[in-house]
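A.B. asks: My questions all concern the structure below.
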Amino acid sequence: MALGGTVHQGCAARGIETEGGRLAAVVTEKGTIRTPAAVLAGGAWASSFCRQHGIRFPQASIRQTALAVSPGDGEFPAALHTAEISMTRRLDGGYTLAISGRGRVDPTAQLLRFAPQFLPMFQRRWRNLALGGLEGIRSGHEGLARWRLDRPTPMERTRILDPAADPAAVALTRRRALELIPELKQRSLTAAWAGYVDSTPDGVPGIGEIARLPGLVLAAGFSGHGFGIGPGAGHLIADLVSGAVPLFDPRPYHPDRFRSSARGKVADF
Ligand SMILES: Cc1cc2nc3c(=O)[nH]c(=O)nc-3n(C[C@H](O)[C@H](O)[C@H](O)COP(=O)(O)OP(=O)(O)OC[C@H]3O[C@@H](n4cnc5c(N)ncnc54)[C@H](O)[C@@H]3O)c2cc1C
């Protein structure tokens with residue numbers, strides 16, 4: 000902002016415009032921003048946005064549940080991760096509890112579309128994944144609707160993905176936490192929530208400029224490690240947009256790699 004940039008929060012992007020085959024503008028609900036470069040970092044909405052522009056980005060949402068317990072007696076580690084349970088101390092002295100990698104797969108049109116590419120991962124992780132319900136269809140982020148630049152998009156109707164917590168996951172998480180640390184029994188459940196982990200078929204984000212749409216850099220599909228790798232990923236994205244030499248080889252992250260795993264279907268990158 001000190002250099003003249005502006006920040007527009009709560010402002011949905013509806014699509015992009017091109018000129019001479021390059022990105023020329025981003026159309027938002029509040030107006031059009033002319034720009035030669037844009038980063039598409041729309042989390043679980045990224046694949047739907049890509050599809051509007053003929054870009055095939057295989058993405059699936061895994062609904063993962065977490066819960067919080069109240070502050071109380073006992074000194075436990077600030078952060079603890081085991082195969083059974085993860086726990087992190089909260090600012091108020093309570094703890095956030097979750098089971099890493101465990102989630103529900105809510106069936107959607109997009110899930111069916113990319114199912115062949117995700118099957119190997121689902122097969123490897125079937126112990127931790129279960130079929131979900133209608134949450135994904137209700138959220139609208141994986142529908143096949145065509146977005147129009149002059150009308151509110153499905154993203155604007157939902158704004159914030161806030162799917163329901165899975166009661167079975169809440170019960171299992173509590174049980175495993177008590178098995179590990181029985182003293183947690185005195186602490187009450189204060190909240191339970193869920194979020195969509197936007198995943199790619201290989202669990203690695205897609206970061207790179209779309210070859211058939213120069214100027215548009217995709218950065219999505221962080222597959223449950225977006226907080227952890229955020230600083231490095233952010234640096235890489237900034238390098239790609241500014242034309243700087245990247246700190247590390249960006250090729251393994253390029254979404255182009257999904258072409259070869261599309262089982263005969265060549266993607267549109
Ligand atoms: C329950 C749960 C636990 C997790 N635990 C961990 C963890 O322990 N460690 C870890 O590293 N990661 C964890 N993650 C994953 C982490 O939250 C994500 O990887 C990370 O948030 C991804 O960041 P992002 O910026 O790519 O997407 P997001 O954080 O999803 O941000 C995308 C943003 O784009 C906005 N957007 C979408 N479409 C549009 C549009 N058309 N116009 C304008 N804005 C738009 C969305 O509203 C959103 O604000 C967890 C995720 C969940 C759900």
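The opening position of the sequence shown corresponds to residue 0 in numbering that gives the first Met the number 0, with each subsequent residue numbered one higher.
Backbone N, C-alpha and C fix where the C-beta goes; we use that ideal spot for every residue, glycine too.
Please read these numbers as outputs of a predicted model, since none were measured by experiment.
Which complete beta strand (DSSP E) runs does the segment 16-63 hold, if anything under 3 residues is left out?
C.D. replies: Those beta strand (DSSP E) runs which fall completely within the segment 16-63 and span 3+ residues are 21-27, 30-33, 37-39.
A.B. asks: Rank Gly41, Ala65, Gly53 by C-alpha distance to the C-alpha of alanine 193 and give the top, closest one.
C.D. replies: The residue with the shortest Cα to Cα distance from alanine 193 is Ala65.
A.B. asks: Which stretch, first to last residue, makes up the alpha helix (DSSP H) that contains glutamate 208?
C.D. replies: Element bounds for glutamate 208: not the alpha helix (DSSP H) but the beta strand (DSSP E), 205-208.
A.B. asks: In whole angstroms, what is the alpha-carbon distance linking phenylalanine 226 and alanine 232?
C.D. replies: Those two C-alpha atoms are separated by around 10 angstroms.
A.B. asks: Which class does glycine 194 belong to by DSSP, given the choice of helix, strand or coil?
C.D. replies: It is a strand residue.
A.B. asks: Does serine 60 pass the burial test, meaning 16 or more other C-beta atoms within 10 Å, or should it be called exposed?
C.D. replies: Label assigned to serine 60: buried.
A.B. asks: Taking contact to mean 3 or more Cβ pairs, one atom from each stretch, closer than 8 angstroms, check whether the segment 82-90 and the segment 138-150 are in contact.
C.D. replies: Short answer: they don't touch.
A.B. asks: Which runs of the beta strand (DSSP E) fall wholly inside the segment 126-160 and span at least 3 residues, in chain order?
C.D. replies: Listed in chain order, the complete beta strand (DSSP E) runs (minimum 3 residues) inside the segment 126-160 are 128-130.
A.B. asks: Taking 6 angstroms as the limit between beta carbons, can you name the residues of its chain near glycine 131, skipping five residues before and five after?
C.D. replies: Taken in chain order, the residues that qualify are Arg62, Arg103, Val104, Asp105.
A.B. asks: Rounded to whole angstroms, what's the CA-CA distance from alanine 129 to histidine 253? Just pull it up for me.
C.D. replies: Cα to Cα, alanine 129 sits roughly 29 angstroms from histidine 253.
A.B. asks: Flag this pair as yes or no: are the beta carbons of alanine 114 and leucine 143 separated by less than 7 angstroms?
C.D. replies: Cβ atoms of alanine 114 and leucine 143: not closer than 7 angstroms.
A.B. asks: When DSSP labels each residue in this structure, what does histidine 7 get in the three-state scheme?
C.D. replies: The answer is coil: DSSP assigns histidine 7 none of H, G, I, E or B.
A.B. asks: From the DSSP output, in three-state form, read off leucine 79 for me.
C.D. replies: In this structure, leucine 79 counts as strand in the three-state DSSP scheme.
A.B. asks: Would you report the Cα separation of aspartate 267 and glycine 205, rounded to the nearest angstrom?
C.D. replies: Any reading at aspartate 267 must be qualified, since the residue scores a pLDDT of 37, below 50, and its modelled position is unreliable; no value is offered.
A.B. asks: Enumerate in chain order the residues of its own chain whose CB-to-CB distance from alanine 190 is below 6 angstroms, with the five nearest sequence positions on each side excluded.
C.D. replies: Excluding positions up to five away in sequence, the list reads Ala67.
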